[in-house]
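In the numbering used here, the protein residues as written are 3 to 111. Note that CB positions come from ideal geometry on N, CA and C, so glycine has one too.
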């Protein structure tokens, strides 16, 4: 049996910071403190956003400023509870909330 959940996607740049900490790291650590079921950070190979600047790998594989996505999946109540905290931390970027379905790995999961 599957269950309805919400997926929160947070798009930021790799060089964004929260104080002296990378923003993606600060967000994940805060989500953990708030008891979210899980979060994953993924660095993009290439992308662009509202500023229309293309971010991609350059010479020798060094990036100019890779896009980073933080994916959070939890109940709708939990995602809505933590959303104000995430919004307060993201000064530039994009936050998207999607309906999703949790698929159990085994029967009874």
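Given residue i as reference, the closest of the options once Cα atoms are compared
{"i": "residue 34", "options": "92, 76, 102", "result": "76"}
{"i": "residue 14", "options": "79, 106, 100, 73", "result": "73"}
{"i": "residue 10", "options": "106, 105, 71", "result": "71"}
{"i": "residue 44", "options": "98, 100, 26", "result": "26"}
{"i": "residue 69", "options": "46, 89, 29", "result": "46"}
Cα-Cα separation between residue i and residue j, rounded to whole angstroms
{"i": "residue 103", "j": "residue 24", "result": "30 Å"}
{"i": "residue 21", "j": "residue 108", "result": "42 Å"}
{"i": "residue 19", "j": "residue 83", "result": "23 Å"}
{"i": "residue 5", "j": "residue 100", "result": "14 Å"}
{"i": "residue 32", "j": "residue 87", "result": "8 Å"}
{"i": "residue 17", "j": "residue 106", "result": "36 Å"}
{"i": "residue 78", "j": "residue 97", "result": "15 Å"}
{"i": "residue 94", "j": "residue 36", "result": "22 Å"}
Beta-bridge partners of residue i, as assigned by DSSP
{"i": "residue 105", "result": "DSSP, once it has assigned bridges, lists no residue as partnering residue 105."}
{"i": "residue 13", "result": "71, 96"}
{"i": "residue 7", "result": "102"}
{"i": "residue 30", "result": "Note: residue 30 sits in no beta bridge, so no partner."}
{"i": "residue 43", "result": "72"}
{"i": "residue 23", "result": "20"}
Sub-8 Å separation of residue i and residue j beta-carbons
{"i": "residue 115", "j": "residue 38", "result": "Residue coverage of the chain in this structure runs from 3 to 111, which leaves residue 115 outside it and unanswerable."}
{"i": "residue 91", "j": "residue 28", "result": "yes"}
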